[in-house]
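Okay, so the sequence shown: first residue is 0 according to numbering that gives the first Met the number 0, each after it adds one. Beta carbons: idealized from backbone N, C-alpha and C, even for Gly. None of these values were measured; they are calculated from a predicted model. Notes follow the structure.
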Amino acid sequence: MSKTRIYELAKQLGVTNKDLMAKLRSIDVEATSHMGVLDGEVVAKVKALYTTAKDAVKKDAPNHTEGSRPAPKHENAKPQGKNEDGKKADVKKADVKKADVKKADVKKADEKKAEPRQNQNHGNHGNKKDNKKGKQKDQRVRENPLERRRREREEEEALMAELEALEAAEKAANPEPQTKTIPETISVKDLAEILGKKGSDLVMNLMKKGKMMNINATLDFDSASAIAEEFNVILEKEEEQDIMEAVFAEEEEDDSVLEERPPVVVVMGHVDHGKTSLLDAIRHSDVTKGEAGGITQHIGAYTVQIAGKPITFLDTPGHEAFTAMRMRGAQITDIAILVVAADDGVMPQTIEAINHAKAAGVEIIVAINKMDKPSANPDRVKQELTEYQLLAEDWGGETICVPVSAASKDGIDTLLEMITLVAEMKELRANPNKKARGAIIEAQLDKGRGPVATVLVQSGTLQVGDPIVAGCAYGKIRAMTDDKGRRVKKAGPSTPVEILGLSEVPTAGDGFYVAESDKQARQVAESIIARNRENLIKETPQKVSLDDLFSQIQSGNMKELNIVVKADVQGSVEAVRQSLERLSNEEVRVRIIHGGVGAVTESDVMLASASNAIIIGFNVRPEPAAKAFADEEKVDVRLYRVIYHAIEDVTAAMKGMLDPIYEEKVLGHAEVRQLFKASGIGTIAGSYVKDGKFVRNCQVRITRDGIVIFEGDLESLKRFKDDVKEVTAGYECGLVFKKFNDLREGDWVEAFTMVEVPR
0 MSKTRIYELA
10 KQLGVTNKDL
20 MAKLRSIDVE
30 ATSHMGVLDG
40 EVVAKVKALY
50 TTAKDAVKKD
60 APNHTEGSRP
70 APKHENAKPQ
80 GKNEDGKKAD
90 VKKADVKKAD
100 VKKADVKKAD
110 EKKAEPRQNQ
120 NHGNHGNKKD
130 NKKGKQKDQR
140 VRENPLERRR
150 REREEEEALM
160 AELEALEAAE
170 KAANPEPQTK
180 TIPETISVKD
190 LAEILGKKGS
200 DLVMNLMKKG
210 KMMNINATLD
220 FDSASAIAEE
230 FNVILEKEEE
240 QDIMEAVFAE
250 EEEDDSVLEE
260 RPPVVVVMGH
270 VDHGKTSLLD
280 AIRHSDVTKG
290 EAGGITQHIG
300 AYTVQIAGKP
310 ITFLDTPGHE
320 AFTAMRMRGA
330 QITDIAILVV
340 AADDGVMPQT
350 IEAINHAKAA
360 GVEIIVAINK
370 MDKPSANPDR
380 VKQELTEYQL
390 LAEDWGGETI
400 CVPVSAASKD
410 GIDTLLEMIT
420 LVAEMKELRA
430 NPNKKARGAI
440 IEAQLDKGRG
450 PVATVLVQSG
460 TLQVGDPIVA
470 GCAYGKIRAM
480 TDDKGRRVKK
490 AGPSTPVEIL
500 GLSEVPTAGD
510 GFYVAESDKQ
520 ARQVAESIIA
530 RNRENLIKET
540 PQKVSLDDLF
550 SQIQSGNMKE
560 LNIVVKADVQ
570 GSVEAVRQSL
580 ERLSNEEVRV
590 RIIHGGVGAV
600 TESDVMLASA
610 SNAIIIGFNV
620 RPEPAAKAFA
630 DEEKVDVRLY
640 RVIYHAIEDV
650 TAAMKGMLDP
660 IYEEKVLGHA
670 EVRQLFKASG
680 IGTIAGSYVK
690 DGKFVRNCQV
700 RITRDGIVIF
710 EGDLESLKRF
720 KDDVKEVTAG
730 YECGLVFKKF
740 NDLREGDWVE
750 AFTMVEVPR
């Protein structure tokens, strides 16, 4: 039911706030202020009271016919005016006073004329009244009609002026409440500014209520609202705007404002396949044409001009940086160059790089390097690439393969032309006329310059002086340098620059955003730190595991189960790949994103984490660093010795029928100090509980000289010949074991229980 404030109800009923509050108190309703709130039931009751009073007044009022005149009884006029309206009552009181004055004047005049007849009897008084009425009647008859109308008009105007003055006085006494908006919490000082009062006044107000608070103390919304009502102000809670959403929100852009941008290229490949040599060849070929002085400063990324069109290269370890950035959702590369040695072919790290690029949906260009060697066999490389769905163009496929030689620089120009061609086909465009955003490529702490970050602008234009947020770091850009070491004032899309001015060293792979002001940048960074600290589990994407696979399938979150397979031999990898891929059904598709031979490495965990995959290993173990990394990233690693067990587990997980997992929980340890024989029971081990506790019906494990001699159930737990539920550390007890009596003094007894691990 809706609620109504007292001053609103008074306005509806046409009475003063004071009268209404008095009426409410008369019916036992608490009313301390005109800002008080009444529920619908009380409002209806009050309205009924006023309606009844008005009806009673109408019934009591006499009916006057034409030509008759009501007697001037002032006692009846006063209550009638009060019942109808407080304002009208005051006006009628004024009219009555004027009438009394006029009649008193007439009476005095009559008394002067009638002085000689003062000693007459009582009957003459009636004649005096009749003479008085006659004189007044004669005066009305003799009055000019025009003068009468003028007089009535003047009286009416005077009455209206008095009414307006009364209304103005009432408004001044009970002004309309103001409405203000405040946040969820507010300081006493800020609340005083909103109310237009001194901070000391609010502090005194709080002290009168028994709250000892200073001017910087924080008030919640309810407390602030209660204080504001005393000052005739209604507070409303302002809508909270997520400042992070405001900064990170992607804007929908019109195609008309988009402009062509350079492609961003990352080079990946096996360690010894000439990736670094190829990068050096590309850089030096450009430097020879452009700057004779060589590259002044290498910052992890650089730009090459090809036929007047720039290409941005990332000089970072391809697969590592690529996956780390993809884990954070930053798609910063457009094209991946896969370097494969012509004399060596496809190697394990090459396969890994292919899987990374495919998972990110990045265009792949194959550079077959070392073509100057006599043992170079490009056809063999193309044949091996077909096994990973990379079919060369000259073999009828869509993958661009370019034979190059980093040593002799043969094919470099062709490779750069192919990159330009692919970029044109992809129609890479961005809006340079907005606040910049992009990704952190590298970051380090320089002794002389402080935190230094290499960033890649993805959209907008970054300028010196912009307030910036980069993960948990924030600040204002003090200086920018390009890949040649030159100072620049601004950087457009797909441009790598080095920036100074951050509060701390950001994390490589984090995104950066330009904020509205320094204050907003600091607030966003603080919000990110708080969110990372308080909501770490919620913020990190939920990794899939076989335990919760069925629930995710049921909720519609899982449409595809990604698996990384590692085995001891290649034959096992292929067998498992085929067996698991056959498990796909209408609800979920099983997809093997990577298969390899050898132990589970950190790189496997990184790929699984980025792709939301699980790792299945056969006859292999994870490296210690990889196991710790998997625990940190919440990646599910399953190890098997038999292939069919893996297939059964995946099948059961997809159907939601995985058996529960039990975990051993150690309760305590005891030492056997004396043995007792009892008929019908067997051997009783008089023991001393060293730590923890022993409980009835727990499981026990007995060891002698470090060797387990018995594992079973505890049949009886006694203390002073009485059965007890538990015995804690520091107490002696008697232990009887189920179907085991071969005990010796000095045996060590461990109590434990099996606890089901929640899935």
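According to DSSP, residues forming a beta bridge with residue i
{"i": "W747", "result": "E670 and T702"}
{"i": "V232", "result": "Q177"}
{"i": "S715", "result": "V735"}
{"i": "P466", "result": "K475"}
{"i": "Y643", "result": "Answer is none; Y643 lacks a bridge partner."}
Given residue i as reference, the closest of the options once Cα atoms are compared
{"i": "R695", "options": "R718, L145, G396 and Y512", "result": "R718"}
{"i": "S493", "options": "A677, T752, P431 and G268", "result": "P431"}
{"i": "I439", "options": "D509, P377 and L414", "result": "D509"}
{"i": "P262", "options": "S374, R428, D371 and K197", "result": "R428"}
{"i": "K720", "options": "E714, C732 and G711", "result": "C732"}
{"i": "A366", "options": "G360, P373, E397 and T413", "result": "T413"}
{"i": "S526", "options": "G470, E497, V572 and S578", "result": "G470"}
{"i": "A405", "options": "Q348, S502 and R282", "result": "R282"}
{"i": "E670", "options": "V723, A652 and F693", "result": "F693"}
{"i": "A227", "options": "M34, I336, V665 and I562", "result": "M34"}
{"i": "Y49", "options": "L37, L8, G39 and E29", "result": "L8"}
{"i": "I310", "options": "E423, R379 and S374", "result": "E423"}
{"i": "G570", "options": "E559, N561, V596 and R581", "result": "V596"}
{"i": "V504", "options": "G484, V487, G464 and K446", "result": "K446"}
For residue i, three-class secondary structure by DSSP
{"i": "L427", "result": "coil"}
{"i": "K101", "result": "Note that K101 scores a pLDDT of 44, beneath 50, so its modelled location is shaky; the value from the coordinates is reported in the next line. Note: K101 maps to helix in three-state DSSP."}
{"i": "L390", "result": "coil"}
{"i": "H73", "result": "Because H73 sits at a pLDDT of 44, beneath the cut-off of 50, its placement in the model cannot be relied upon, and the point is left open."}
{"i": "M20", "result": "helix"}
{"i": "M159", "result": "helix"}
{"i": "H593", "result": "strand"}
{"i": "A375", "result": "coil"}
{"i": "K489", "result": "strand"}
{"i": "T311", "result": "strand"}
{"i": "P621", "result": "strand"}
{"i": "H297", "result": "For H297, the predicted structure reports a pLDDT of 42, less than 50, and the residue's modelled location is therefore unreliable. A value from the coordinates is still provided. Residue state, collapsed to three classes: coil."}
{"i": "R637", "result": "strand"}
{"i": "A627", "result": "helix"}
{"i": "P347", "result": "helix"}
{"i": "D189", "result": "helix"}
{"i": "Y6", "result": "helix"}
{"i": "I305", "result": "strand"}
{"i": "G570", "result": "helix"}
Burial state of residue i, where buried means 16 or more other Cβ atoms lie within 10 Å
{"i": "K689", "result": "exposed"}
{"i": "A624", "result": "exposed"}
{"i": "Y473", "result": "buried"}
{"i": "D746", "result": "buried"}
{"i": "S255", "result": "exposed"}
{"i": "R260", "result": "buried"}
{"i": "M203", "result": "exposed"}
{"i": "T51", "result": "exposed"}
{"i": "N354", "result": "buried"}
{"i": "N215", "result": "exposed"}
{"i": "V523", "result": "buried"}
{"i": "D279", "result": "exposed"}
{"i": "N584", "result": "exposed"}
CB contact flag (residue i, residue j, <8 angstroms)
{"i": "A341", "j": "K369", "result": "yes"}
{"i": "P495", "j": "D482", "result": "yes"}
{"i": "D333", "j": "K425", "result": "yes"}
{"i": "E714", "j": "V735", "result": "yes"}
{"i": "V649", "j": "A607", "result": "no"}
{"i": "V754", "j": "Y639", "result": "no"}
{"i": "G667", "j": "A598", "result": "no"}
{"i": "A442", "j": "A435", "result": "no"}
{"i": "V264", "j": "I331", "result": "no"}
{"i": "E192", "j": "S602", "result": "no"}
{"i": "A750", "j": "V707", "result": "no"}
{"i": "I828", "j": "L579", "result": "Outside the displayed span of the chain (0 to 758) sits residue 828, for which this structure offers no information."}
Cutoff 8 angstroms: residue i Cβ touching any chain B Cβ
{"i": "Y6", "result": "Here there is only one protein chain, and chain B is not present."}
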